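Remember, the numbering used here sits 582 above the position in the sequence shown when you count from 1.
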Amino acid sequence: MVNSQLVNKLNLFTGWKDPALTETGKAEALSGAKALKAKGFDHYDVAFTSVLQRANKTLEIILKEIGQEDLPIFKDEALNERHYGDLQGLNKDDARKKWGEEQVLIWRRSYDVPPPNGESLELTAKRTLPYYKKEILPRLTKGEKVLVAAHGNSLRSLIMDLEGLTGEQILKVELATGVPIVYELDPEGKVVKKEILAHA
């Protein structure tokens, strides 16, 4: 799994907005790809990503670096970043001025309280996990090697399920952008090994 969440110099709630991957994001994706390659994680059977261009570009950079540009790719909005509703596209400081620091912090850091017209992490998981269980997990349990390039909160949903974490526990998980996390699963889909790859 690779987090394609872009480094956001404007401090915006990006969510389902679809900006291009920044130069920093491209460099992080390449660094993550090199880390995968250096550890021998350079052959996959299939890849999954969101429909947002920043995740697509991250995946494209990875596949080029590992020499698998012809890999079958499935794109689905189920893997999109959390939808921030009325906060989407707003500067985080402006949002704090409008709704108050405490309220914005609740929306950002609680598991089950969504911003107005948006998703909480719980709602994001309700979108992401059924897709994972229907489309990705069956491939993994058959022994296929699967690459997922997505976003911080859609990946948190997957990690929560894979590692059996509670909603409160997953909120404390920080995901560094462009740093791959490799999971090895048994035939029942249980994690037998996890490795966070430092940049090469």
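From the three backbone atoms N, C-alpha and C, an ideal C-beta is built for every residue, glycine too. Treat the numbers as computed from the prediction; the structure is a model and nothing was measured.
| task | From the DSSP output, in three-state form, read off Y765 for me. | result | strand
| field | Cβ pair G614, I644 closer than 9 Å | value | yes
| message | Counting C-beta neighbours from all protein chains within 10 Å, is the total for A637 16 or more, i.e. buried, or is it exposed? | response | buried
| field | Cβ distance (whole Å) where T640 is taken to contact L603 below 8 Å | value | 6 Å
| said: Whole angstroms are fine: how far does the CA of F595 sit from the CA of S586? | reply: Because the pLDDT at S586 is just 42, under 50, the model does not fix this residue reliably, and the value given afterwards should be weighed accordingly. Looking at the two C-alpha atoms, the distance is approximately 15 Å.
| query | Apart from the five residues on each side of it in sequence, which residues of its chain come closer than 7 Å, Cβ to Cβ, to E750? | reply | Y693
| query | To which residues of the same chain is T723 closer than 6 Å at the C-beta, ignoring the five residues directly before and after it? | reply | P769 and G771
| said: Classify R738: buried if its beta carbon has 16 or more other beta carbons within 10 angstroms, exposed otherwise. | reply: buried
| Is the CB-CB distance between R664 and G622 below 9 Å? | no
| said: Rounded to the nearest angstrom, what separates Y626 and I718 at their Cα positions? | reply: 13 Å
| Straight-line CA distance for Q670 to K599? | 7 Å
| request: Take the Cβ of V686 as the centre, count every other Cβ of all protein chains shown within 10 Å, and call the residue buried at 16 or more, exposed below. | output: buried
| Can you round the beta-carbon distance between V764 and L779 to whole angstroms, since I take them to be within the 8 Å contact cut? | 7 Å
| field | Residue closest to A611, alpha-carbon to alpha-carbon, out of N699, L592, I741 and I648 | value | I648
| request: Please state if the CB of A617 and the CB of P762 are separated by a distance shorter than 9 Å. | output: yes
| query | To which residues does DSSP link A629 through a beta bridge? | reply | I655 and L729
| query | Grouping DSSP H, G and I as helix and E and B as strand, with all else coil, what is L592? | reply | coil
| query | Based on Cα-Cα distance, which residue from R709, T748, K680 and Y666 lies nearest to G700? | reply | Y666
| task | Would you mind sorting L592 into buried or exposed? The rule is 16 or more other CB atoms within 10 Å of its CB. | result | exposed
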